[in-house]
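The opening position of the sequence shown corresponds to residue 1 in full-length UniProt numbering, with each subsequent residue numbered one higher. The C-beta atom is built at its ideal place from N, Cα and C for all residues, glycine as well. Quick notes on the structure that follows.
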Amino acid sequence: MRVFPMSASLSLCFSGDDGLGQTDFSRVFLILSGSDTGIGHALAKYLDNLGFVVFAGVLNKDGPGAEDLRQTCSQRLSLLQLDVTNPTQVKEAYLQVSEKVQNTGLWGVVNNAGILGFPADGELLPMSVYRQCMEVNFFGAVEVSKTFLPLLRKSQGRLVNMSSMAGGIPLPRYAAYGASKAALSMFSGVMRQELSKWGIKVAAIHPSGFRTGIQGTSELWVKQEKELVEHLPADVRQDYGEDYLLGLKSYLPQIPAYCDADLSPVLSSILHALLARRPHSLYTPGRGACALLCIFCYFPLWLYDFFISKLMSVESVPRALRTLEAENKDL
């Protein structure tokens, strides 16, 4: 196998089994997507603070997230206009990065851009939500990966994909989001196998709940709820009932209460995936991420389903089921 100069120099720098002995990252180039908010925003600051040369892809270069990065990060950090669903912007980002790194190569690509969609029963979600989740969470990551892989080959670098706990286990109300993240996890596994011949290492991150703001704002919830209700067939709307449908968004404000505000476990996992000589293929930072995956993989599915039904129970019951229950009581 051909050994590339940057790979050799980095291997010498990354001392120890975990590869975290490196202190000078001034010639280590990384590109991140989804740096406007949440994990991507924190990661851009974290890696910049460590001394990496960061290309932070943002959905809006004129937005508050981008402006905050300009104000708080060093001049090493470059902002890229990067809507991962826009092939033209992905290509333009590639040209900017390749011009900067030249023959050095790009050490890491972190596919972090993602959306949650509207958490609701899979039957109720409009097809537009499924398509949008797949476009951003899966196809966008594939587009970015395929575009930047030639630069990773030069360095024998790292591809890190931000999946989710919901990409490894089925969770109620996350059919669209979970399916898109499961696709990303499978893509990561196949790429790990196929890119090993080039010396490129691939990792998937499956975090549990962290406070990233991915659930959106109350204004967005109202809009999503309206679209959901309007697109439902009359019989489905009748079976579920207005109370159930209009109560779906009441779950969203509760999400932060079950999430960790400290993002350091996720950031540390990504750093390890980028630097370790032998990175893990899967990282599960956060409370319950590893435990739930083990229960799903190693225990009977009925036990997993029972456990999840208690963990994520919903008080509201569809109208048709309430009616049926009342009729049975009268018998």
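Shown here for V101: same chain residues with a beta carbon closer than 7 Å to its own, the five before and five after excluded, namely F29 and L151 in chain order.
DSSP places K249 outside any beta strand (DSSP E), giving it a letter other than H or E. Restricting attention to R278, S26 and P126, the CA atom closest to the CA of F118 is found in P126. Assigned with DSSP and collapsed to three states, I295 falls in helix. For K45, no beta strand (DSSP E) segment is defined; the enclosing uninterrupted segment is the alpha helix (DSSP H) at G38 to L50.
Remark: C-beta atoms of M165 and A289 approach each other more closely than 8 Å. Taking a contact to require three or more Cβ pairs closer than 8 Å, the segment 140 to 158 and the segment 86 to 100 qualify as touching. Cβ contact annotation for G51 (same chain, cutoff 7 Å, sequence separation greater than five): D24, F25 and S26, in chain order. When the Cα atoms are used, G199 and D36 turn out to be separated by approximately 31 Å. Using a C-beta cut-off of 8 Å, the segment 229 to 245 makes no contact with the segment 190 to 205, since fewer than three inter-stretch Cβ pairs fall below that distance. Considered as a whole, the segment 190 to 268 harbours 218 to 230, 234 to 240 and 242 to 246 as its complete alpha helix (DSSP H) runs of no fewer than 4 residues, in chain order.
F138 sits in a helix when the DSSP states are folded into three classes. About 7 Å separates the CB atoms of N137 and I115; that is less than 8 Å, so the two are in contact. Taking C-beta separations shorter than 6 Å and ignoring five residues to either side along the sequence, the partners of G40 in its chain run L32, G34 and N112, following chain order.
Following the DSSP letters along the chain, one finds Q81 in no alpha helix (DSSP H) but inside the beta strand (DSSP E) bounded by residues S78 to Q81. Non-local beta-carbon contacts of A182 in its own chain, meaning distances under 6 Å to residues more than five positions away in sequence, involve G167 in chain order. A Cβ-Cβ distance of about 6 Å is found for the pair I270 and L43, placing them in contact under the 8 Å criterion. Taking 8 Å as the cut-off, the Cβ atoms of C133 and F210 do not count as close. Straight across, the Cα-Cα distance linking I214 with G38 is about 7 Å.
In the structure shown, M312 falls within a coil segment according to DSSP collapsed to helix, strand and coil. The Cβ atoms of G247 and P265 do not sit closer than 8 Å to each other. Under the three-state reduction of DSSP output, I270 falls in the helix class. In the three-state scheme derived from DSSP, where H, G and I count as helix and E and B as strand, N103 is classed as helix. DSSP places G34 outside both helix and strand once states are collapsed to three, so it counts as coil.
Contact annotation: I295 and P172 have beta-carbon atoms that are not nearer than 8 Å. The residue from F299, M162, S281 and G241 with its alpha-carbon nearest to that of S316 is G241.
L124 sits away from S155, with the two beta carbons spaced by 8 Å or more.
Here V53 is not near A141, since their CB atoms are 8 Å or more apart. Setting aside the 5 residues that flank it on each side, Y283 is surrounded in the same chain by I205 and S269, each with a C-beta closer than 6 Å to its C-beta; the list follows chain order. By the neighbour-count criterion, in which a residue is buried when 16 or more other Cβ atoms sit within 10 angstroms of its Cβ, M162 is buried.
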